[in-house]
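Residue numbers (our numbering): 66 to 351. As structure tokens, the structure follows; a few thoughts come after it.
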Amino acid sequence: MITKEHAHADYSAAHEPVLTVEPGTGERLTFETDDAAYAQMEQLRDLAKVTATINPVTGPVHVTGAEPGDALAVTVHDIEMAEHGWSVYIPGAGALARPMGEEWYVRRVPVRDGRAQLTDRVSCAVAPMIGCIGVAPADGAMSTVMPSYATGGNMDLTDARPGSTVYLPVEVEGAGLAIGDLHAVMSRGESSFVAIEIAGRATVSVDLVKGMKLRAPRIDTGDEIVCVGLGNPVQDSIDRAYEDLFGVLTQEHGYSKGDAYTVMSALAHTELGGPTGSEAPDPLHP
Numbered sequence: 066m067i068t069k070e071h072a073h074a075d076y077s078a079a080h081e082p083v084l085t086v087e088p089g090t091g092e093r094l095t096f097e098t099d100d101a102a103y104a105q106m107e108q109l110r111d112l113a114k115v116t117a118t119i120n121p122v123t124g125p126v127h128v129t130g131a132e133p134g135d136a137l138a139v140t141v142h143d144i145e146m147a148e149h150g151w152s153v154y155i156p157g158a159g160a161l162a163r164p165m166g167e168e169w170y171v172r173r174v175p176v177r178d179g180r181a182q183l184t185d186r187v188s189c190a191v192a193p194m195i196g197c198i199g200v201a202p203a204d205g206a207m208s209t210v211m212p213s214y215a216t217g218g219n220m221d222l223t224d225a226r227p228g229s230t231v232y233l234p235v236e237v238e239g240a241g242l243a244i245g246d247l248h249a250v251m252s253r254g255e256s257s258f259v260a261i262e263i264a265g266r267a268t269v270s271v272d273l274v275k276g277m278k279l280r281a282p283r284i285d286t287g288d289e290i291v292c293v294g295l296g297n298p299v300q301d302s303i304d305r306a307y308e309d310l311f312g313v314l315t316q317e318h319g320y321s322k323g324d325a326y327t328v329m330s331a332l333a334h335t336e337l338g339g340p341t342g343s344e345a346p347d348p349l350h351p
């Protein structure tokens with residue numbers, strides 16, 4: 066297991082690998098994550114006083130043979146969760162900033178028997194997922210909070226769940242895979258700016274697709290292919306994701322342009338990912 070002591074506040078090729086793995090062996094890797102920042106928020110109610118890293122990612126893992134121009138294929142097998150998660154409102158953050166006002170709100174959310182006890186009256190089934198998954202960028206460091214990057218990061222996609230394979234563009238030798246920000250359950254789009262944040266352990270396996278040049282992450286859930294679009298404004302993100310999915314159908318699955326167009330017109334849905342896709346969240350994520 067790669068423990069939470071090997072956590073960082075960014076993705077960077079400058080971080081020494083914790084582990085080196087051979088791709089395609091089926092070896093299971095477990096990344097431990099923590100929730101220390103939320104525990105401090107509960108106590109301090111002042112972001113300036115929080116010393117724990119917000120959204121730390123555990124790693125990195127060096128993948129033998131990974132080179133720029135390849136894609137890392139990370140299959141999520143299991144997510145174990147702590148006994149409680151966190152619902153947190155940071156004043157001024159998210160789409161509910163106006164009605165929530167200037168007062169901090171922090172709630173511990175019990176998680177047991179496959180359910181999250183949101184309130185005394187409302188519970189829901191857990192749907193564990195990885196909020197932050199990515200590899201090191203070619204230049205500099207990339208934040209684990211915002212924005213998201215071509216190589217991944219804090220994408221907050223509910224599709225990054227057990228049974229899914231996340232494809233990440235490799236930009237540096239060895240890739241530098243790191244994982245963090247686990248959620249017990251999250252509304253699609255995470256417009257409140259947080260989910261039910263939770264500490265835990267994510268178990269994955271890693272494969273390598275040589276020469277698979279991606280301009281942004283892709284997820285295969287087994288039922289759907291999810292292409293991540295990164296652009297500014299939002300319409301550019303939609304266009305990029307649609308173009309990438311069109312390429313998947315025509316170049317990888319042999320569809321004609323007309324067939325791909327018709328299929329996508331009927332079955333290719335558009336939705337917002339997490340609110341941290343840009344440094345200044347878009348108007349739909351004020």
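No residue lacks a Cβ here, since even glycine has one placed at the ideal position from N, Cα and C. Bear in mind that the values here come from a model prediction, so they are computed numbers and not experimental data.
Item	Value
Taking 8 Å as the cut-off, decide whether the C-beta atoms of Glu148 and Arg177 are in contact.	yes
Measure how close the beta-carbons of Thr129 and Val86 come, nearest whole angstrom, since I'm counting them as under 8 Å.	7 Å
Among the residues of its own chain, which have a CB less than 6 Å from the CB of Pro348, if the five just before and after it don't count?	With a pLDDT of 40 at Pro348, under the threshold of 50, the predicted position of this residue should be treated as unreliable, though the coordinate-derived value follows. If we look at Pro348 and ignore the five residues flanking it on each side, it has no Cβ neighbours.
Would you mind stating whether Val139 and Leu247 have Cβ atoms separated by less than 8 Å?	no
Give every residue of the same chain whose Cβ lies closer than 8 Å to the Cβ of Gln105, excluding the five residues on either side of it in the sequence, and list them in chain order.	Lys114, Val115, Thr116, Ala117
Please confirm whether Pro282 and Gly228 have their CB atoms less than 8 Å apart.	no
Once DSSP output is grouped into helix, strand and coil, what is the label at Thr327?	helix
Starting from Leu314, trace the alpha helix (DSSP H) both ways and give me its first and last residue.	Careful: Leu314 lies outside any alpha helix (DSSP H) and carries neither H nor E.
Going by the beta-carbon positions, is the gap between Leu183 and Val174 smaller than 8 Å?	yes
Indicate the three-state DSSP secondary structure (helix, strand or coil) for Asp75 in the structure shown.	strand
Below 7 Å CB to CB, which residues in the same chain sit around Arg253 once its five sequence neighbours on both sides are set aside?	Thr223, Glu336
Return the residue from the list His318, Gly319, Leu314, Gly338 that minimises the CA-CA distance to Met329.	Leu314
Assuming contact is defined by CB atoms lying nearer than 8 Å, are Gly134 and Gly276 in contact in what I supplied?	yes
Go ahead and label Asp301 buried or exposed: buried means 16 or more other beta carbons lie within 10 angstroms of its beta carbon, across all protein chains shown.	exposed
Name the DSSP beta bridge partners of Pro234, please?	Ala136
Any idea what DSSP makes of Val299, helix, strand or coil?	helix
If you follow the alpha helix (DSSP H) that Glu12 is part of, which residue opens it and which one closes it?	Absent from the structure is residue 12, since the part of the chain shown begins at 66 and ends at 351.
In whole angstroms, what is the alpha-carbon distance linking Pro88 and Leu310?	25 Å
Just the C-alpha distance for Pro164 and Ala331, rounded to the nearest angstrom, thanks.	37 Å
Have a look at Met126 and Arg172 and give me their C-alpha separation to the nearest angstrom.	A quick correction: the sequence has Val, not Met, at residue 126. Computed Cα separation, rounded: 33 Å.
Determine the closest residue to Met211 out of Ile119, Ile155, Leu273, Ala131, with distance taken between C-alpha atoms.	Ile119
How would you call Thr209, buried or exposed, if buried means at least 16 neighbouring beta carbons within 10 angstroms?	buried
Find the nearest neighbour of Ala267 within the set Ile195, Val235, Asp204, judged by alpha-carbon distance.	Ile195
Would you mind giving the Cβ-Cβ distance between Ser77 and Ala201, rounded to the nearest angstrom? I have them listed as a contact below 8 Å.	6 Å
Count the other CB atoms, across all protein chains shown, that sit within 10 Å of the CB of Gly245; report buried if there are 16 or more and exposed otherwise.	buried
Specify, as a first and last residue, the run of the beta strand (DSSP E) that Met207 falls within.	206-208
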